[in-house]
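Visitor:
Numbering (the working numbering), first residue to last: 175 to 628.
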């Protein structure tokens, strides 16, 4: 599944590529067979498309597959060895630990001058410079510098001759002409090693930009094992792609004013990767939901109704398929549009109109059916028999009932709402009664009275 952090990184890369007339490069790093399935690749491409990063756009390039460049990776490893930038090593982890007395210390350079040749089981290690420092040009973090003495001689090819990801990544970047790398800050520690490889292979390193980590409400890094992090999960609940894009673009960056709800095209024009914050970005689901509500309310009514359709069918719909009435939903949709935070809520807002009986919600029933509720239901039912059947007339009926029982309108209508719609919260009551129709309203009032034993 596509992590929301990956989606933010993709959006920032997309904005920079389109601003500069460059290319957004999608590379599928598929050398780990256990983590590589065709359907997952399709999922990445469709997830990107859902947030506006489309293969059809001239700025999009790829997907490239890392496995297709395996020969170049091996060639680069052999070149590093032939030029004295790497050497073969047959040390085991146990031998290293015995020499250093620690599991934490890095490789000690034992095989540097042994002159070992390539052989099965011998890893190829990059010869890190002993002196000086590797400085990384980072658009967000300035120019962090890493002492070369603190960088161990790291492995670039395994004992079976296959290059490791670190080298494959650099070779692919060089071959694909990458000039900017915008990614999460967890990769910053790899950057000096990658930059050393760029230089050793005779190429100019890219400009880097390491984005702040995204955290949850406990300020812990978002984790797929603990948090809801998949873009697809949010979209399947009814978060709109436009709202998600708007929110993700502001997750660690802002245009410098108080306006938050903006179309992507405007955010793209304003975005500057240099202005991204270095501090962790809080993924606030409540704020995302508020954004989504704003986007829902701004939708043209026809577009809103169409967007709701997936949640009006199985497996979401709890009513019989033949009970659904398109004309009834057309009347309910405008009432629901002003209240929804996510599209998936539409099912609970309208189910009462298509179910044979009112939905059962024990908490709502207990809250509304206090002593005296039966009398309110009975009085309302008697007046509804002859009332004009429109929202204004039905409101007048409930006002009369409230006055007769010495209650405010809100108190009087609570048991009626639960009897008819099953819940204490929902669409405007009087419009709902009008849409449901006199016969069904009377039947539900009778059913609620019977349940109360009155």
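For every residue, glycine included, the Cβ atom is placed at its ideal position computed from N, Cα and C.
Return the first residue and the last residue of the beta strand (DSSP E) that residue 354 is part of.
Guide: Under the DSSP assignment, residue 354 falls in the beta strand (DSSP E) whose first and last residues are 354 to 358.
Visitor: Do you know offhand how far residue 575's Cα is from residue 472's?
Guide: 37 Å
Visitor: Considering Cα atoms alone, identify which of 592, 344, 587, 384 is closest to residue 376.
Guide: 344
Visitor: Measure from the alpha carbon of residue 478 to the alpha carbon of each residue in 183, 412, 439, 364, then state which is nearest.
Guide: 412
Visitor: Do residue 607 and residue 594 count as a contact pair if the criterion is CB distance below 8 Å?
Guide: yes
Visitor: With a CB to CB cut of under 8 Å and the five nearest residues on each side skipped, what residues in its chain are close to residue 585?
Guide: 576.
Visitor: Quick one: residues in its chain with C-beta nearer than 6 Å to the C-beta of residue 435, no 5 flanking neighbours on either side, listed in chain order?
Guide: 468
Visitor: In its own chain, which residues sit with a C-beta less than 7 Å from the C-beta of residue 210, not counting the 5 before and 5 after it?
Guide: Taking residue 210 as the centre and dropping the five residues before and after it, the same chain places the C-beta of 204 closer than 7 Å to its C-beta, in chain order.
Visitor: Using 8 Å as the cut-off, can you tell me whether the segment 258 to 268 makes contact with the segment 293 to 310, which would need three or more C-beta pairs spanning the two stretches below that distance?
Guide: Output reads yes: the segment 293 to 310 touches the segment 258 to 268.
Visitor: Could you compute how far the alpha carbon of residue 219 sits from the alpha carbon of residue 275?
Guide: 47 Å
Visitor: So, are the CB atoms of residue 405 and residue 198 less than 8 Å apart?
Guide: no
Visitor: Could you tell me the boundaries of the beta strand (DSSP E) in which residue 263 lies?
Guide: Its beta strand (DSSP E) spans residues 260 to 263.
Visitor: Are the CB atoms of residue 330 and residue 321 nearer to each other than 8 Å?
Guide: no
Visitor: May I ask you to verify whether the segment 277 to 289 touches the segment 354 to 374, counting CB pairs closer than 8 Å and requiring at least 3?
Guide: Segment contact: the segment 277 to 289 against the segment 354 to 374, fewer than three CB-CB distances shorter than 8 Å; contact not assigned.
Visitor: Tell me whether the beta-carbon of residue 308 lies closer than 8 Å to the beta-carbon of residue 369.
Guide: yes
Visitor: Below 8 Å on the Cβ atoms is my contact criterion, and I expect residue 571 with residue 561 to pass it. Report the Cβ-Cβ distance as a whole number of Å.
Guide: 5 Å
Visitor: Spatial neighbours of residue 546 within its chain, please: C-beta separation below 8 Å, excluding the five flanking residues on both sides.
Guide: 579
Visitor: For a minimum of 4 consecutive residues, which ranges assigned as the alpha helix (DSSP H) are wholly contained in the segment 265 to 303?
Guide: Listed in chain order, the complete alpha helix (DSSP H) runs (minimum 4 residues) inside the segment 265 to 303 are 267 to 274.
Visitor: By the 10 Å Cβ neighbour count, where 16 or more other Cβ atoms means buried, how is residue 189 classified, buried or exposed?
Guide: buried
Visitor: Can you give the beta carbon distance from residue 183 to residue 385, rounded, assuming they're within the 8 Å contact cut?
Guide: 6 Å
Visitor: Tell me the rounded alpha-carbon separation between residue 620 and residue 573.
Guide: 20 Å
Visitor: Going by C-alpha distance, which of 348, 553, 355, 538 is nearest residue 311?
Guide: 355
Visitor: Kindly indicate which three-state DSSP category residue 544 falls into: helix, strand or coil?
Guide: coil
Visitor: Is it the case that the segment 412 to 426 contacts the segment 510 to 525, given that we only count it when at least three CB pairs across the two stretches are under 8 Å?
Guide: Judged by Cβ distances under 8 Å, the segment 510 to 525 makes contact with the segment 412 to 426, as three or more pairs qualify.
Visitor: Which residues share a DSSP beta bridge with residue 395?
Guide: 389
Visitor: Quick one: using the 10 Å Cβ neighbour count with 16 as the cut-off for buried, is residue 426 buried or exposed?
Guide: The residue in question, residue 426, is buried, as its Cβ has 16 or more Cβ neighbours within 10 Å.
Visitor: Assuming residue 550 and residue 589 make a contact with CB atoms under 8 Å, what is their CB distance in whole Å?
Guide: 5 Å
Visitor: Hey, residue 379 and residue 373 are a contact pair by Cβ (cut 8 Å); roughly how many whole angstroms apart?
Guide: 7 Å
Visitor: Less than 6 Å between C-beta atoms, sequence neighbours within five positions excluded: which residues of the same chain meet that for residue 448?
Guide: Around residue 448: 313.
Visitor: Between the segment 428 to 443 and the segment 235 to 253, can you find at least three pairs of beta-carbon atoms closer than 8 Å?
Guide: no
Visitor: For residue 397, count the other beta carbons within 10 Å of its own beta carbon; 16 or more makes it buried, fewer makes it exposed. Which is it?
Guide: exposed
Visitor: Quick one: is residue 592 buried, meaning 16 or more other Cβ sit within 10 Å of its Cβ, or exposed?
Guide: buried
Visitor: In the DSSP assignment, what are the bridge partners of residue 316?
Guide: 312
Visitor: Could you compute how far the alpha carbon of residue 643 sits from the alpha carbon of residue 587?
Guide: For residue 643 there is no data in the structure shown, the boundaries of the chain being 175 and 628.
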